[in-house]
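Presented below is the structure to which this report refers.
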Amino acid sequence: MTVSTHPVEQEEVMALADRELTPGRARIVSSHLAECEACAEVAANLHEASAALGRWTVESIPEQIEKQVLGERREEGSGRARSGIGKPKWVWAGALAGVGLVVLLLVGRGSVRAPIGARTVRPEPMPMAPQAVESMNLSLSTEVAKSKKEYKQAEENYKNWLQRQQESQLTTSLERERPVDGRQADSLMPLSEPNVATDSNGGGGGQVSSSVDGQPTSDQQSKTDSNGALAPMIARTVSLSIVVKDFPASRATLDAILSRHHGYSAQLDVNTAENAARTLQASLRIPAPELAGAINDLKSLGRVENETQGGEEVSQQHADLVARLKNSRETERRLQAILTERTGKISDVLAVEQEIARVRLEIEQMEAEQKSLEHRVDFATVNLNLSEEYKANLTLPMSVGTRLHNGLVEGYRNASETILGIILFFVEYALTMAIWILILLAPAIFLWRRFRRAMATV
Amino acid sequence: MSDRPIDSESWQGTTATSDERLMLDFSKGAAEAFAELFRRYKQPLFGFFRRRLADAGHAEELTQETFLAVLRGAARYQPRALFRTYLYAIAFRILQAHRRKQVFRATFLGQRREGQEAAGRDGTEAAVVLREALRKLDPTDREILMLREFEELSYAEISELLNLPLNTVRSRLFRARVAIKEVLDEPAPLATTRKLAGFEEQV
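Chains as they are written, first to last, in my numbering: chain A, 2 to 459; chain B, 1135 to 1337.
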């Protein structure tokens, strides 16, 4: 072990030359240097090293650097925006973090299943009324249904089309059915009529619509057949606009009136918009003999704003239709006879069969037209427009407390969904990530060590 | 060319104005103050980079970048230390970033590092010899020695800049001086002789 006998350290000798000692310590070291040859030699060596380094001079800085820097200073002074170089790191870090957060949120939201209450419930398709099938058959054109096969095909197509239409209407109705002001529409619209096919699924809401495809009973039709040639046939139409004070009560009374007069509503729309008068538009079918009484009862619902009555004479049209129907039936009978009694080429037989199919289609079409005409005569149409005598209510917006509560609930829901999304992300990808980490770990460690070694040398 | 900071006698009269005063004036909008600071420190700062980098172009680039950093950080400047320490602290960080970038590119992208470039562009024979000698020192010892010898920073300033205790700076500086003396006293190795030969041929 070597013990120094010098009263000053060698580093102090160096510090003296560098003027880094306090004055008192500098005097001590100076006096020691004057006496100690070894320390003087150390000082001389250090001085030589410094002198050797001092010989390293560098060339002058190019002039254009000055122009560029001072030019940049002028740009800074005039507030011009610079691009790229020297942009604070936190800007890039912030942008990166923002992008990462957005991706995380998107992944989280994508992974989270919608709550049960928020799922869209699509009702089963409504079964088709037999009357609708019949009327659909009648609308087929004779050109399309050249044979029975084609006719059946067209019938099938038409059925499918009608079903799609009904489904579409049902979906639209469901979407419009969200509560507007908390009033339940099902309480406003009892569905008690016979032969009623309704679009409402009973969930209640701001708007309710129902459609009815009404048909006269067989009794009514036979009565018309027996009297049609004698009495004039008039299709009656009435339009009524009534303002009521008590809308729900009027709605109930309307049902009672329909029941009392053996009528039904072919279509009914109720609109219960918030901060506005409730309205009801209905197309009612009332048996012709009961029309007068029914109109009187309807007028008692409230103040009549508008009333229009009309009648269309359809006797001639009906007689013409009956005659054409009779002829067609006769033609069909003769064709059937030809097919049964005569013999000939196959092409002739096919031609007769095609002709029979065409005539049969015409007959069915005319029969439906006749039924429709007679129904229009037997059941008068009443277009009713009920509107509420609206009194505006002072409805205050939601209180601050309620809004805060709702905000907290929504925030909690969002946070929980985000956390769940993150968890789901890791559950889904943790294994894959682990595999990739294992694959990449060894080369990463190798490169990192190489990088650290290289950094240590500079 | 000497790279000692130039004391101005032309700035705002006949007496020299301190660097810190100039920087404060510049932070308040005096554009001429920055021009004066640039005039005082352009050569020392270029020397700082030039001695540490083999490529003169990179040294110019980093010098420019350092002044631009001063320019942009002027509004936040607080005279808590000497301006010189502040300036070299910025320069040192920029140099470290440059070195990291170089090493990163060499490690991961396979590019050549600056230190691996052929010598002979250093300008003088002394530069070649001293660069080789300094390369043999420990990196921290070398940095302390260079900051003391060329930038003439005090022990306290070096301590602050490198985030080392003052006594450590003093002992490491002593060790570095002794080591460089020994390296310079050794006979020139073959590699250095070859580089010098190349340098003479270029001249």
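For glycine and all other residues, C-beta sits at the position ideal for the given N, C-alpha and C.
In angstroms with no decimal places, state the Cα-to-Cα distance between residue i and residue j.
{"i": "A/E308", "j": "A/E291", "result": "18 Å"}
{"i": "B/Q1212", "j": "B/R1239", "result": "36 Å"}
{"i": "A/W93", "j": "B/K1235", "result": "18 Å"}
{"i": "A/A352", "j": "A/R335", "result": "14 Å"}
{"i": "A/S400", "j": "A/E411", "result": "16 Å"}
{"i": "A/A455", "j": "A/S31", "result": "43 Å"}
{"i": "B/F1182", "j": "B/Q1230", "result": "13 Å"}
{"i": "A/P24", "j": "B/V1237", "result": "45 Å"}
{"i": "B/R1099", "j": "B/L1279", "result": "Since the displayed chain B opens at 1135 and closes at 1337, residue 1099 of chain B lies outside it and no answer follows."}
{"i": "A/A230", "j": "A/S251", "result": "Any reading at A/A230 needs caution, since the residue's pLDDT is 49, under 50, leaving its predicted position unreliable; the model's value is listed next. The alpha-carbon atoms of A/A230 and A/S251 are separated by roughly 40 Å."}
{"i": "B/T1197", "j": "A/P63", "result": "11 Å"}
{"i": "B/G1207", "j": "B/R1155", "result": "16 Å"}
{"i": "A/L54", "j": "B/Y1175", "result": "20 Å"}
{"i": "A/V378", "j": "A/I347", "result": "47 Å"}
{"i": "A/G303", "j": "A/P249", "result": "13 Å"}
{"i": "A/I339", "j": "A/D349", "result": "11 Å"}
{"i": "B/L1264", "j": "A/G72", "result": "36 Å"}
{"i": "A/A278", "j": "A/N272", "result": "9 Å"}
{"i": "A/R343", "j": "A/G294", "result": "60 Å"}
{"i": "A/R120", "j": "A/E418", "result": "Unreliable placement is indicated for A/R120, whose pLDDT of 43 sits below 50; the coordinate value is still reported in the next sentence. About 16 Å."}
{"i": "B/L1216", "j": "B/P1321", "result": "41 Å"}
{"i": "A/G312", "j": "A/H263", "result": "21 Å"}
{"i": "B/H1129", "j": "A/R26", "result": "Residue 1129 of chain B falls outside the range modelled here, since chain B spans only 1135 to 1337, and no answer is possible."}
{"i": "B/T1302", "j": "B/V1317", "result": "22 Å"}
{"i": "A/E375", "j": "A/Q366", "result": "14 Å"}
{"i": "A/M127", "j": "A/N161", "result": "For A/M127, the predicted structure reports a pLDDT of 40, less than 50, and the residue's modelled location is therefore unreliable. The matter cannot be settled from this model."}
{"i": "B/F1172", "j": "A/A16", "result": "31 Å"}
{"i": "A/R451", "j": "A/P444", "result": "10 Å"}
{"i": "A/A186", "j": "A/A358", "result": "In this predicted model, A/A186 has a pLDDT of only 38, less than 50, meaning its place in the structure is not dependable; the value taken from the coordinates is given anyway. Straight-line Cα distance between these residues: approximately 48 Å."}
{"i": "B/L1187", "j": "A/I66", "result": "17 Å"}
Does the Cβ-Cβ distance between residue i and residue j come in under 9 Å?
{"i": "A/I296", "j": "A/L255", "result": "no"}
{"i": "B/Y1222", "j": "B/L1281", "result": "yes"}
{"i": "A/Q282", "j": "A/N384", "result": "yes"}
{"i": "A/E1", "j": "A/I287", "result": "A question about residue 1 of chain A goes unanswered here, because the residues of chain A that appear run from 2 up to 459."}
{"i": "B/L1271", "j": "B/I1314", "result": "yes"}
{"i": "B/F1284", "j": "A/W57", "result": "yes"}
{"i": "A/F426", "j": "A/L102", "result": "no"}
{"i": "A/L47", "j": "B/V1204", "result": "no"}
{"i": "A/E310", "j": "A/T238", "result": "In the sequence on display, residue 310 of chain A carries Gln and not Glu. Cβ distance < 9 Å, so A/Q310 and A/T238 count as in contact."}
{"i": "A/V14", "j": "A/V43", "result": "yes"}
{"i": "B/P1273", "j": "A/A50", "result": "no"}
{"i": "A/E314", "j": "A/P233", "result": "yes"}
{"i": "A/T280", "j": "A/E389", "result": "yes"}
{"i": "B/L1298", "j": "B/R1306", "result": "yes"}
{"i": "A/A236", "j": "A/T341", "result": "no"}
Kindly list, in the order they appear in chain A, the residues whose Cβ is closer than 7 Å to that of residue i.
{"i": "B/Q1198", "result": "I66, Q69 and V70"}
{"i": "B/Q1245", "result": "Simply none; closest approach about 12 Å."}
{"i": "B/K1315", "result": "N46, E49 and A50"}
List the residues of chain B whose Cβ lies closer than 7 Å to the Cβ of residue i, in chain order.
{"i": "A/E73", "result": "L1202 and L1205"}
{"i": "A/P63", "result": "E1194"}
{"i": "A/E12", "result": "R1304, S1305 and F1308"}
Determine the chain B residues that contact residue i at a beta-carbon separation under 8 Å, and present them in chain order.
{"i": "A/A16", "result": "Y1289 and R1304"}
{"i": "A/E275", "result": "The contacting residues do not exist; A/E275 stays about 56 Å from chain B at best."}
Output, in chain order, the set of chain A residues within a Cβ distance shorter than 8 Å of residue i.
{"i": "B/P1273", "result": "A457, T458 and V459"}
{"i": "B/T1241", "result": "L448, R451, F452 and A455"}
{"i": "B/R1233", "result": "M456 and V459"}
{"i": "B/R1210", "result": "The premise fails here: B/R1210 is roughly 11 Å from chain A at the closest Cβ pair, so nothing lies under 8 Å."}
{"i": "B/L1318", "result": "A50 and A53"}
Following a CB-centred definition, is residue i positioned closer than 8 Å to any heavy atom of the ligand GTP?
{"i": "B/E1170", "result": "For the ligand GTP, the structure offers nothing, since it holds no ligand at all."}
What does residue i touch in chain A if you count any residue whose Cβ is under 9 Å from its own?
{"i": "B/E1283", "result": "A50, S51, L54, G55 and W57"}
{"i": "B/L1264", "result": "A53, L54, R56 and W57"}
Since residue i meets chain B, which of its residues come closer than 9 Å, beta carbon to beta carbon?
{"i": "A/E21", "result": "S1288, Y1289, A1290 and R1304"}
- Item | 3 or more residues per run - each beta strand (DSSP E) lying fully within the region 234–271 of chain A | 235–245
- Task: Anything in the region 38–58 of chain A with a Cβ closer than 9 Å to a Cβ of chain B? List those residues in chain order, please.
- Result: V43, N46, L47, E49, A50, S51, A53, L54, G55, R56, W57 and T58
- 3-residue-minimum beta strand (DSSP E) runs that sit fully inside the region 373–413 of chain A, ordered along the chain: 380–389
- For the region 1159–1188 of chain B, which residues have a beta carbon sitting closer than 7 Å to at least one beta carbon of chain A? A1165, F1168, A1169, F1172, K1176, Q1177, F1180, G1181, R1184 and R1185
- Item | Residues of the region 1213–1227 of chain B whose Cβ lies closer than 9 Å to any Cβ of chain A, in chain order | none
- Complete runs of the alpha helix (DSSP H) confined to the region 1169–1242 of chain B [at least 4 residues]: 1190–1206 and 1217–1238
- Query: Quick one: complete alpha helix (DSSP H) runs, 4+ long, within the region 271–302 of chain A?
  - Reply: 292–300
- Given a limit of 8 Å on CB to CB distance, which residues of the region 399–427 of chain A reach chain B? none
- Query: Which whole runs of the beta strand (DSSP E) in the region 341–368 of chain A are 3 residues long or more, in chain order?
  - Reply: none
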